[in-house]
Every structure is written in C-alpha cells, then in structure tokens.
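Undergrad: Before I ask anything, here is the structure I am working with.
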C-alpha cells in the first residue's frame, strides 16, 4: 500500500489495489492484461488536490460543496485524474519504467444542473472506467494504437458496433501545463484514430468535464 502524500491520503499504488479488487473477479481481457496497473483514489479528498491540480479554479461550479471536518475541507471526488498523477509522483520513476499505465474503476460525484441530468448519459454519480498513460513523446502513437484497439475490442464484446469517436485537443483557455504535444494540429497520433474502423470527428480546443 502506498500513500502519495500527507495531503492526499488514500491513493493506493498497484501493490495495494489487488486486494481491494479481488471481489470484482478479474477476467481475461481486463485492463491489467494490457499492462495496466490497478490504482485506487479516495472518495472524499481534502481541498489540497483541487488547489494543486487547478480543478477548483476551473470546475468548482460542477462540484458538490465541501464537507468541513477538523478545520479542513473535503470534496466528493469529481474525477480521478489528479490522483493517478499523484500515484505516479509518489514513487521513484525512471524513463526505463515508461510507459506506465494506471487503471481504476473509480466512483465520482458531480453536481450537474437539474436540467442537464439525463439518465445514464448525464448523472450526478457514477463509476468511471478510467485510465491514464504516462509515456515519452515517441511512445504516443504506439500507446494510442494499443489503447484504441483495446477500447474497440471491449465495445464490440458488448455488441456496440455503431458508435462515434471524438478527438479533443487542448483548449485555448482554462488549461495548465505545456502546449506540447497538445498544441500541434493535427494532434500527435491522430492518424491512428482515423485508421480505425469507427466514425471519428475532431474538434480543436474541445474538452468535456
């Protein structure tokens, strides 16, 4: 079990996750067979995560209000992304370890406006099949191809053959970090998406919470 930091308790690296995952029953073709490590992030982290990642500045309107306890604020988690980064940063890494692929079935809670809630398509609480890949720039095309192939195989296993893929790039506003590789157009590895047999569209600067 790995604790990323005092401010972000409850983030478990892969060595702590299998015991929490055993009851779900791991099947052939599940994410770890593609080189994914299971991780786990807390349900109600302290506000430190949102301040560090910038999510409180950008997404506070879409989050539930905090719970106050012992002089600290805790938010129902709206996303898993910052915690996967915390897991990655929680240990000593080398470029030889890349790519690193993290996966989580993480419960998230979002304060969607009542008029926007729409069944399973727009919900205030759901379990997200979420993954993040940490790799070098030259590994992006191969990682993207592998990810797309795995995603298509899962969709087709459940009988979904008629679907659309949407490619979004870095927004011009409300974003942090360096432009590379998001500032390039067409995006790095985008030709991999167009080569797959699915209806694909792109929208520059589009992103969704």
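Residue numbers (this note's numbering): 12 to 220. Ideal Cβ placement from N, Cα and C applies to all residues, glycine included.
Report the rounded CA-to-CA distance for residue 239 versus residue 141, giving the unit in angstroms.
TA: Since the first residue of the chain shown is 12 and the last is 220, residue 239 is not available in this structure.
Undergrad: Could you tell me whether the Cβ atoms of residue 110 and residue 61 are closer together than 9 Å?
TA: As a working note, residue 110 is residue 99 in the chain shown. As a working note, residue 61 is residue 50 in the chain shown. Against a cut-off of 9 Å, the Cβ pair of residue 61 and residue 110 comes out as no contact.
Undergrad: Within 10 Å of its beta-carbon, does residue 169 have 16 or more other beta-carbons around it, so buried, or fewer, so exposed?
TA: For the purposes of this step, residue 169 is identified with residue 158 of the chain shown, where counting begins at 1. Exposed, since its Cβ has fewer than 16 Cβ neighbours within 10 Å.
Undergrad: With distances taken between CB atoms, is the gap from residue 86 to residue 99 smaller than 9 Å?
TA: Within the chain shown, residue 86 is the residue found at index 75, counting from 1. Within the chain shown, residue 99 is the residue found at index 88, counting from 1. Residue 99 sits away from residue 86, with the two beta carbons spaced by 9 Å or more.
Undergrad: Between which residues of its own chain and residue 126 is the CB-CB distance below 8 Å, once the five residues before and five after are set aside?
TA: The residue labelled residue 126 in the question sits at position 115 within the chain shown. None.
Undergrad: Take the Cβ of residue 66 as the centre, count every other Cβ of all protein chains shown within 10 Å, and call the residue buried at 16 or more, exposed below.
TA: Indexing the chain shown from 1 puts residue 66 at position 55. Result: buried.
Undergrad: Would you identify the three-state DSSP class for residue 133, choosing helix, strand or coil?
TA: The count along the chain shown starts at 1 and reaches residue 133 at position 122. Residue state, collapsed to three classes: strand.
Undergrad: Am I right that residue 101 and residue 89 are in contact with their C-beta atoms under 8 Å? What's the rounded C-beta distance?
TA: Taking the chain shown and counting its residues from 1, one reaches residue 101 at position 90. Taking the chain shown and counting its residues from 1, one reaches residue 89 at position 78. Contact doesn't hold; Cβ gap of about 21 Å is too wide.
Undergrad: Since residue 52 and residue 114 should fall inside the 8 Å C-beta cutoff, what is the C-beta to C-beta distance between them, to a whole number of angstroms?
TA: Residue mapping note: residue 52 aligns to position 41 of the chain shown, counting from 1. Residue mapping note: residue 114 aligns to position 103 of the chain shown, counting from 1. The C-beta distance from residue 52 to residue 114 rounds to 12 Å, too long to meet the 8 Å contact threshold.
Undergrad: What distance in whole Å lies between the Cβ atoms of residue 112 and residue 48, which are believed to be in contact at a cut-off of 8 Å?
TA: Position 37 of the chain shown, counted from the first residue, corresponds to residue 48. Position 101 of the chain shown, counted from the first residue, corresponds to residue 112. 7 Å between Cβ atoms; contact.
Undergrad: Of all the options 91, 123, 84, which has the alpha carbon lying nearest to the alpha carbon of residue 143?
TA: Within the chain shown, residue 143 is the residue found at index 132, counting from 1. Selected option, being the one with the closest Cα: 91.
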